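When you line the sequence shown up against our numbering, it's residues 288 to 1004, in that order.
All C-beta atoms, glycine included, are put in the ideal place defined by N, C-alpha and C.
None of the values given here were measured: they were computed from a predicted structure.
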Amino acid sequence: RTGMKAVFAGNGMTIPGNGMKLKPTEIRGVQSNGMLVSEREMGLSDEHDGIIEMPDDAPIGMPFAEILELDDPMIEIAVTPNRQDCLGVRGIARDLAAAGLGTLKPVDKTPVKASFDTPVSVKMAFDADSADACPAFALRLIKGVKNGPSPAWLQRQLQAVGLRPISALVDVTNYISLDRARPLHVFDADKVSGDLTLRLAKDGEKLSALDEEEYTLHDQVCVIADDNGVQSLAGVMGGLGTSVTEDTVNVLVESALFDPIRTAMTGRSLGIESDARYRFERGVDSNYMLGGMEDATRLILDMCGGDAGSVVLGGDVPAWDKEVALRTTRVKDLCALDIPTDRMVDILESVGFACTLSDGVINTKVPSWRTDIDGEADLVEEVARIHGYGTIPAVPMDPIAENVLPAIDGRQRRVRKAKRKLAARGMNEAVTWSFTSRAYADLFGGGQPELILSNPISSELDTMRPNLLPNLLDAARRNQARGFKTINLFEVGPQFAGAEPADQSTVATGIRLGPDHDRHWSGEADTPDALGAKADALALLAEIGAPVANLKAERGAADWYHPGRSGLLKLGPKTVVASFGELHPRILDAMDVDGPVAAFEVYLDAIPYKDRKKTARPVHDVSDLQAVERDFAFIVDADTAAADLLSAAKSADKKLISNVSLFDVYEGKGMEDGKKSLAICVRLQPINDTLTDKDIDALSDKVVAAVTKATGGALRG
């Protein structure tokens, strides 16, 4: 139309509604340098039948955002989970006002006068075990509304925070949610059959929700139902069947309190993310439940007209009467801030606390929107936060103060050392979930009923991990799929054998797979094996102070290891401190990992902690006398463990024998069936005097006698 003014998007601009970036294009032989856009393309509404037509007085060339007054500065705020009150603009404004940035505006708390009794009642159909699913539910009928577009000021405010205006009724609920962190819901009253009942769903019930998806419910989901069945997922999302439209004349407004944990579980199990769920699962202001109803009613009457009925209440709004005391001296004790008592009171009152002062103690009544306040330290934080963290001075701690405890305990110190040692050995730290899949858990001795999660974050993370290996192997599988050949991963963390605290243990676990270096002219690369895994375990154990010299290697590793290429490291006859070896091919096949894979598990809690009182290390005496080495070869039974023979040889004289090592194993030609030859090197280190031949011979006899007694072996001729 000649003279029409429209919204133009030029080349290089991105269309908000679809993300398309415009570039020069030729259409039917004509060069196009942009386009005129519709409301849907601008993300303003679903209207797409034509382009946006601007008023005749709209200035040409002015940015569209300025014309719509959507060019306000935007502040992005990262709200921590404990500050659910700041999910509404008023909560943020309250803190800003307390910090001296503006004045918090008062709100109208006058209740709306009812013109009639709401004919719909609310029934709470919970048993004793599920009564906390919905402590209170308020409902009000508003008759004779006209549900058209919301006023321009409301549309602009919603658009400014990225929400698309839908209709006056829906926009009001969104506005209250954003302004006061109070989720609301509206039902088309003419689509509701009978009364509304709050109850748990029945297994297999279905609901078509507002996102136009159909959900199959289970018996732990809190729902709102009428005579026709489920009409809404409590605290998560409403149903399509009772949704309001432009034809809605009579509307039921809902304001309720829902259990945060059950709300989160419902949303997670059904895969629904919504603004209502986000707020309810963090907790809402219980004292504003009815206030939110009144504010919404007032806005609906102003925008849509109609008559408001009485408020019908199911359940009881929980009483809020939390009180916390603050000793004024604690602010200086914890923050080193000298703040006058009057200033502390002013700060606390500015963020909503009611305060009385008595004998150096500020007694406060916690506002209902601050569910995160539990104790005195929280009040100290409030005072310091508003006063300014930047004013906290740097105060050095007294290095000789007797009451200063170590920053970390023995377990944490051990974990830190383990991580550093494994990283120094060329391994990469992985941080995986403390959960795994039931299928993987079964492979590693887990999957017990008490370890199954009732509310998993994913169907593939539905049980507590019995071992760190499955998650590391899963990470290795993903890396292999991306073309990585050499993978060296470790993790230090908890694993779970049962549901009790004593069933949790801290383990350092690592895996190696693939060649140890890329192809090179200097020679073939080595692949990981059991001995390499044993070396990793021993190095870690030495780093954390385990008595490595007293450890004994034995067979008997768990069945996820290769039976002939694995072992245990034991301290004494019963205490297993580590497992090592190649993983069983059956495990690798089940997890789709290309092997071989060498692995180790070091049980950090199995090693006794040293007494921290002994801080000085003992003097290490180094003899200046020449050491002597003697070789021995023993014929023993084929099933004799080399570790038993080495231990026996060293026990012959613990003072003079500094080391015993195995250097040859022979089971070939000339050896009797069922026999083998083990050759060892015994290193003798004289301390005070040089050893004579007689001394060496006597010591050699003791070695032979000790080995013969322990293993039944004989010196090879």
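*Under the rule that 16 or more other beta-carbon atoms within 10 Å means buried, what is N537, buried or exposed?*
buried
*asked:* Given a cut-off of 9 Å on the beta-carbon distance, is the pair T535 and N434 in contact?
replied: yes
*Could you check what DSSP says for F867 in three-state terms: helix, strand or coil?*
strand
*Could you please give me the residues that DSSP links to L644 through a beta bridge?*
I649
*When you compare each of D988, A1001 and D982 to V923 by their alpha carbons, which one comes out closest?*
A1001
_With DSSP as the reference, identify every bridge partner of G516, one or two as the case may be._
D513
*Taking buried to mean at least 16 other C-beta atoms within 10 Å of its own C-beta, is I679 buried or exposed?*
exposed
*Counting pairs of Cβ atoms below 8 Å between the segment 497–517 and the segment 615–633, do you hit three or more?*
no
_By the three-class DSSP mapping on this structure, what secondary structure does P781 have?_
strand
*Around the C-beta of L818, are 16 or more other C-beta atoms found within 10 angstroms, so that it is buried, or is it exposed?*
exposed
*Under the DSSP definition of a beta bridge, which residues are partnered with R799?*
N775 and A885
*In whole angstroms, what separates the C-alpha of F295 from that of L309?*
11 Å
*Anyone know if the C-beta pair for T460 and G570 falls short of 9 Å?*
no
*Quick one: Cα of P303 to Cα of G375, how far?*
25 Å
*Determine the DSSP secondary structure at F413, reduced to helix, strand or coil.*
coil
*Candidates L825, K706 and P736: which alpha carbon is nearest T793's?*
K706
*Since H1006 is in the alpha helix (DSSP H), which residue starts that stretch and which ends it?*
Any answer about residue 1006 is impossible in this case: the structure gives the chain only from 288 up to 1004.
*Just tell me which of S597, T719, V779 and E737 has its CA closest to the CA of D761.*
T719
_Using only CA atoms, which one of G697, A352, I339 and A512 lies nearest to R327?_
I339
*Roughly how many angstroms separate the alpha carbons of V457 and P406, rounded to a whole number?*
23 Å
*From N946 to D876, what does the alpha carbon distance come to, in whole angstroms?*
41 Å
*Other residues of its chain near L738: CB distance less than 8 Å, five sequence neighbours each side excluded*: A728, T750, M751, P753, F783, G785 and A786
*Does DSSP put M322 in a helix, a strand or coil?*
strand
_Contacts around M411, its chain only, beta-carbon distance under 6 Å, and the 5 residues preceding and following it disregarded_ = L485, G601 and G602
*Starting from I285, follow its DSSP beta bridges and name the residues at the other end.*
This structure cannot settle anything about residue 285, because the visible part of the chain is limited to 288 through 1004.
*Quick one, are the C-beta atoms of E541 and V653 less than 9 Å apart?*
no
*What does a CB cutoff of less than 8 Å around V618 pick up in its chain, not counting 5 residues either side in sequence?*
L624, I626, M631, V667, V670 and A671
*Mind checking V714: buried by the 16 CB within 10 Å criterion, or exposed?*
Rather than Val, the amino acid found at residue 714 in this sequence is Met. The residue is buried, with at least 16 neighbouring Cβ atoms inside 10 Å.
*Please determine if the segment 579–586 and the segment 460–469 are in contact, where contact requires at least 3 C-beta pairs separated by less than 8 Å.*
yes
*asked:* Among R712, S746, F424 and E610, whose alpha-carbon lies nearest the alpha-carbon of F777?
replied: R712
_Sub-9 Å separation of L800 and D881 beta-carbons_ = yes
*For K941, count neighbouring C-beta atoms within 10 Å of its own C-beta (all shown protein chains included) and say buried if the count is 16 or more, exposed if not.*
exposed
*Please classify M291: is it buried, with 16 or more other beta-carbons within 10 angstroms of its beta-carbon, or exposed?*
exposed
*asked:* Could you check whether G961 and A920 sit closer than 9 Å to each other, using their CB atoms as the reference points?
replied: no
*Taking R486 as part of the beta strand (DSSP E), name the residues at either end of that continuous run.*
L483 to L487
*Nearest to K989 by CA position, among A936, S741 and G957, is which residue?*
A936
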